[in-house]
Amino acid sequence: MIKLTTTYTKELLIKFSNYIVKAQLAFLCAMAVCTLIVYLITILGIVFNTISTTTIICAITITICNLLWLFLRLGLPRIFAKKSKNLGTVTTYTFYEDNFTYESI
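If you read the sequence shown in the numbering used here, its first letter stands for residue 107, the second for the next number, and so on.
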């Protein structure tokens with residue numbers, strides 16, 4: 107049996123948020139490639155004077171999606187870390203061979 111105790115602080119919640127962002131590295135790479143492709147198509151459309159409304163809408167949409175994702179994953183946790191319900195909560199985790207339990211005070 108292993109017993110661990112942790113107290114949730116603002117810094118710990120922000121570190122957890124940063125961990126979640128780093129864990130989604132494959133998603134970030136895929137979004138970067140897709141964004142690059144859409145921007146290149148838009149630039150080529152402008153250069154060759156064949157740009158369509160759909161291309162412009164796609165470029166605007168992917169920009170908004172990327173900014174929204176960044177705000178939700180990086181900005182929002184920092185804004186609400188002070189107001190979190192579990193801030194200051196002491197949690198005890200007990201790990202057994204086949205399961206674990208936790209208790210929050």
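Backbone N, C-alpha and C define an ideal beta-carbon position, used for all residues, glycine too.
1. What ranges does the alpha helix (DSSP H) occupy inside the segment 111 to 150, keeping only unbroken runs of at least 4 residues that lie completely in it?
2. Using only CA atoms, which one of Trp175, Pro183, Val153 and Cys135 lies nearest to Phe122?
3. How would you write the range of the beta strand (DSSP E) that Phe201 sits in, first residue to last?
4. By Cβ distance, which residues of its chain are closer than 6 Å to Thr198, with the 5 residues on each side in sequence left out?
5. In whole angstroms, what separates the C-alpha of Thr161 from that of Thr169?
6. On the three-state DSSP scale, how would you describe Lys191?
7. At which residues does the alpha helix (DSSP H) containing Phe186 begin and terminate?
8. Start and end of the alpha helix (DSSP H) containing Thr169?
Taking the definition as stated:
1. Runs of the alpha helix (DSSP H) lying entirely within the segment 111 to 150 and spanning at least 4 residues, in chain order: 116 to 129.
2. Here the closest residue by C-alpha is Pro183.
3. DSSP places Phe201 in the uninterrupted beta strand (DSSP E) bounded by Val196 to Phe201.
4. The residues are Thr111 and Glu209.
5. Here the C-alpha atom of Thr161 lies approximately 12 Å from the C-alpha atom of Thr169.
6. Three-state result, Lys191: coil.
7. Counting along the chain, the alpha helix (DSSP H) containing Phe186 begins and ends at Leu182 to Phe186.
8. Thr159 to Leu176 is the span of the alpha helix (DSSP H), which, as asked, contains Thr169.
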